[in-house]
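Chains as they are written, first to last, in our numbering: chain H, 1 to 207; chain P, 1001 to 1469.
We put the beta carbon where it would ideally sit given N, CA and C, even for glycine.
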Amino acid sequence: MTGKLTGLEGVAVPLLWDNVDTDALVPAAPHKRINGGGRDRLREILFHEFRFDAAGQLKPDFVLNEVQFAQGPILLAGENFGCGSSREVAVWALLDYGFRAVIARSFAEIFEQSAYKNHLLPATVDAPTHARIVSALSRPRPPQMSIDLLARRIAIDDQSIGSFSADEMGLEMIVQGVDEFALTAQYIPDIAATQRRLTEACPWLAG
Amino acid sequence: MPRTLFEKIWQPHTARTYGTRDLLTLDRVFLHDMTSLPAFETLRERNLAVADVGRTLAVIDHTVATAPGRTEETYPVMAPTVRSFRREVTERGIPLIGLGDPAQGIVHVVAAEQGAVLPGMTAVCGDSHTCTNGALGAIAFGIGSTEIAHALAYQALWLPRPKSLRVTVNGVLDSWVSGKDIALAIISRFSTDGGTGCAVEYAGSAIRALSVEERMTLCNLSIEFGARVGLVAPDDAVFSYLEGRPRTPKGAAFDAAISAWRDLASDNEAHFDKEYSIDARSIAPMVSWGTSPEDAIPVDGAVPDPGTARDRSQRSRWERALVYANLEAGKPILGTPIDVAFIGSCTNARLSDLRAAARVVDGRKVAPAVRALVVPGSSGVKRQAEAEGLDRIFRKAGFEWHESACSLCAALGPDVVGRGKRCASTSNRNFENRQGPGSITHLMSPPMVAAAAVNGAITDVRTLARTLA
Ligand code: SF4
Chain H
1 MTGKLTGLEG VAVPLLWDNV DTDALVPAAP HKRINGGGRD RLREILFHEF RFDAAGQLKP
61 DFVLNEVQFA QGPILLAGEN FGCGSSREVA VWALLDYGFR AVIARSFAEI FEQSAYKNHL
121 LPATVDAPTH ARIVSALSRP RPPQMSIDLL ARRIAIDDQS IGSFSADEMG LEMIVQGVDE
181 FALTAQYIPD IAATQRRLTE ACPWLAG
Chain P
1001 MPRTLFEKIW QPHTARTYGT RDLLTLDRVF LHDMTSLPAF ETLRERNLAV ADVGRTLAVI
1061 DHTVATAPGR TEETYPVMAP TVRSFRREVT ERGIPLIGLG DPAQGIVHVV AAEQGAVLPG
1121 MTAVCGDSHT CTNGALGAIA FGIGSTEIAH ALAYQALWLP RPKSLRVTVN GVLDSWVSGK
1181 DIALAIISRF STDGGTGCAV EYAGSAIRAL SVEERMTLCN LSIEFGARVG LVAPDDAVFS
1241 YLEGRPRTPK GAAFDAAISA WRDLASDNEA HFDKEYSIDA RSIAPMVSWG TSPEDAIPVD
1301 GAVPDPGTAR DRSQRSRWER ALVYANLEAG KPILGTPIDV AFIGSCTNAR LSDLRAAARV
1361 VDGRKVAPAV RALVVPGSSG VKRQAEAEGL DRIFRKAGFE WHESACSLCA ALGPDVVGRG
1421 KRCASTSNRN FENRQGPGSI THLMSPPMVA AAAVNGAITD VRTLARTLA
């Protein structure tokens, strides 16, 4: 688990595709190859099929292979980012590569929830804000982006560019550097009471 | 207050509310060999135990081989994963259905066959197609590995309350048009994130007329529509589907359950945040051309021209998809040659799917250049199909007849399509590389895949069926 995160600064990597799926983030074939290699090897296979050709050579036209975008820590995408498979390795791979935030027009739900739990910020922006970010990023030198998690604001080269939205509890987990396991532990009696009530009415719900 | 079907299940399962999130109690947690191991790691790190093993069920399906005679060791790359999974679940006393068990199969198919998912339940699994069993009138959805750990430890999850969406399909379907085609038609019309943030209820006369298995196919594809949850109000068809299954209540308890389940329908005045509707008569057999399930067209349609895309980002996505799929804009999709035909996956490998495909295959031959395979959704489906002689029809035509597992759906085991190869597939995702590096996928129904296998090219099953009669 990571510590508290209230602000974030760095280069935003524009990958302006819609529907980036989790198979694209972590394809099965290279993942099988490093199986057992641990989460700290996932950076090798993030976007594997786009970064490398069939012979294993870097594809020069893929954005992560451009020198100025090699690091992150912010990824800018289009709509419906993280759709497809529930594989949480997609989130872990982004983190292992060095990303701490993804800005997109929208996120697929399972990915978004997994992102919060691992303290990767999924920041949703509206269309005008997205367009402003995109045009700012087309400058010759990649500008510095900063994200203020408390104020939910995004700035580029110190100029505010708009706000983002995020799930309240999810954002709180990232800001505080906590997860919901501890919170849930306080509610075990509530869970038990709910289950009791349900199985009294519907005994087949019990295992 | 009139309530939706979804609310009737969600509300009583809510133990607590925190802002926009509810702590939803879970009736079932299903596990499989691909995404569960990190969850066990999390449990160990936090010193947490499984709360209620009686509500769990583990299945081995994702990473294993399917060739006849396979065992859990056949695929050496993933065998250690399978072994660890087996050890983790048995150590914790979680019931396990592994290879060689007569009940083995793809987790969502097995869950339904065992009667482990029942109407009114909440159920989760670390696979996004868990929504399949919404067809039984349950809230079933896919979760990530951290969520699996949380679900195992607390039998509950914090979830944003979804919005409600009803998709109404009225009218009568044409022959050779099935649940798969309805799903692809919905996704292509309302886009792959048309249901994002929503629990989708499918309603209307065309849905009620679907068999339970076809409803499973439809609900299965809810996630490709962006919705974590898809469901259909349970009716007599569902009750008779469930009767007598291993984990279904028996005798008087079953009758009591049925009378409770009859209330599981949206009230007449219930409010939905969004409503879509579609006319069943307007749906033709569908086939996907690109790299997203929304890239689906009627089989007699043309590959779209990026010039007609709704905006710049769709245009660039279409352009990339055309390059990847090696197709030309404006050309008919009919006649596109295929290399592989795959009938399998939790979307479309139940008995009725195999029967429908066999009807097309019967008396015909797979085109010489095509590798065709049937991977039944479960070992039970396989046995039933063999008892009916379906395996002989497929084999005689030149299909391979495999053991049950996920196989080419996600290429997590040894089965892959091959680089640059084109596959007519009954599965659920046509993403780039989904069926192995460089694979090109065309999603379609089982009879459509059968027709493509026979002709060696994308075919309108209706035309082929006419030449048969
Ligand atoms: S068949 Fe495909 S979608 Fe279904 S459970 Fe297996 S991998 Fe997941």
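Express the C-alpha separation of residue j and residue i in angstroms, rounding to a whole number.
| i | j | result |
| --- | --- | --- |
| P1162/P | T1020/P | 10 angstroms |
| L1264/P | I188/H | 28 angstroms |
| R197/H | V1172/P | 42 angstroms |
| S160/H | S138/H | 17 angstroms |
| G1244/P | T1071/P | 30 angstroms |
| A1079/P | G1093/P | 21 angstroms |
| M1/H | T184/H | Low confidence applies here, because M1/H scores a pLDDT of 49, under 50, leaving its location unreliable; read the following figure in that light. Looking at the two C-alpha atoms, the distance is approximately 17 angstroms. |
| R132/H | A123/H | 15 angstroms |
| V1177/P | N1455/P | 19 angstroms |
| T1336/P | Y1075/P | 33 angstroms |
| L1408/P | G1398/P | 18 angstroms |
| T1196/P | F1225/P | 7 angstroms |
| A1367/P | A1453/P | 6 angstroms |
| L1351/P | A1385/P | 7 angstroms |
| T1081/P | P1293/P | 30 angstroms |
| A115/H | F99/H | 11 angstroms |
| K1365/P | F1342/P | 15 angstroms |
| L1057/P | E88/H | 21 angstroms |
| H1402/P | R1383/P | 11 angstroms |
| G1142/P | D1061/P | 16 angstroms |
| E94/H | R43/H | Sequence check: residue 94/H is Leu here, not Glu. One C-alpha to the other measures close to 7 angstroms. |
| N1433/P | T194/H | 44 angstroms |
Go ahead and label residue i buried or exposed: buried means 16 or more other beta carbons lie within 10 angstroms of its beta carbon, across all protein chains shown.
| i | result |
| --- | --- |
| D23/H | buried |
| G1307/P | exposed |
| A101/H | buried |
| L58/H | exposed |
| E9/H | exposed |
| D61/H | exposed |
| A1135/P | buried |
| P1038/P | buried |
| D1027/P | buried |
| T6/H | exposed |
| N1430/P | buried |
| S1205/P | exposed |
| K1180/P | buried |
| K1475/P | Residue numbering for chain P in the displayed model covers 1001 to 1469; residue 1475/P lies beyond these limits and cannot be assessed. |
Check the Cβ of residue i against every Cβ in chain P and list those closer than 9 angstroms, keeping chain order.
| i | result |
| --- | --- |
| L16/H | S1313 and S1316 |
| N19/H | T1192, D1193, T1291, S1292, E1294, R1317 and F1431 |
| P60/H | The contacting residues do not exist; P60/H stays about 17 angstroms from chain P at best. |
Check the Cβ of residue i against every Cβ in chain H and list those closer than 9 angstroms, keeping chain order.
| i | result |
| --- | --- |
| E1147/P | S86, E88, I110, Q113, S114 and K117 |
By DSSP's criteria, residue i is part of a beta bridge. Which residues make up the other side?
| i | result |
| --- | --- |
| S1288/P | A1296/P |
| E1400/P | L1373/P |
| A1183/P | A1183/P pairs with nothing; no bridge assigned. |
| G1230/P | V1200/P |
| F1225/P | Its beta-bridge partners do not exist; DSSP assigns none. |
| C202/H | Looking at the DSSP assignment, C202/H forms no beta bridge with any residue, so it has no partner. |
| Y1276/P | V1167/P |
| D1022/P | T1017/P and L1159/P |
| D21/H | C83/H |
| D148/H | G7/H and R153/H |
| P14/H | L76/H |
| T1122/P | I1139/P |
| T1056/P | V1029/P |
What residues of chain H sit near residue i, judged by a beta carbon separation below 8 angstroms?
| i | result |
| --- | --- |
| M1078/P | K32 and N35 |
| Y1018/P | M169 and L183 |
| A1357/P | What A1357/P touches in chain H: nothing, since even the nearest Cβ is about 25 angstroms away. |
| P1306/P | Ordered by position in chain H, no residue passes the 8 angstroms Cβ test against P1306/P, which lies about 13 angstroms from the chain. |
What does residue i touch in chain P if you count any residue whose Cβ is under 8 angstroms from its own?
| i | result |
| --- | --- |
| N80/H | T1192, D1193, T1196 and G1226 |
| P291/H | Beyond the ends of chain H as shown, which are 1 and 207, falls residue 291/H; an answer cannot be given. |
| E180/H | H1150 and W1158 |
Going by the C-beta, is residue i closer than 7 angstroms to any heavy atom of the ligand HEM?
| i | result |
| --- | --- |
| D1061/P | The ligand HEM is absent from the structure shown, which contains only the ligand SF4. |
Please decide whether residue i counts as near chain C, where near means a Cβ-Cβ distance under 8 angstroms.
| i | result |
| --- | --- |
| S1128/P | The structure shown has no chain C; the protein chains it does contain are H and P. |
Can you pull the chain H neighbours of residue i, defined as C-beta to C-beta under 7 angstroms?
| i | result |
| --- | --- |
| L1118/P | W204 |
List in chain order: all unbroken beta strand (DSSP E) runs of 3+ residues lying wholly within the region 1316-1372 of chain P. 1340-1343
Taking only runs of the beta strand (DSSP E) that begin and end inside the region 1155-1181 of chain P, which ones reach a length of at least 3 residues, in chain order? 1156-1160 and 1163-1170
In chain order, what are the residue ranges of uninterrupted alpha helix (DSSP H) at least 4 long that sit wholly in the region 1397-1445 of chain P? none
Please give the ranges of any alpha helix (DSSP H) in the region 1085-1130 of chain P, keeping only runs that are unbroken, at least 4 residues long and fully inside the region. 1107-1113
Complete runs of the alpha helix (DSSP H) confined to the region 79-127 of chain H [at least 4 residues]: 89-97 and 109-117
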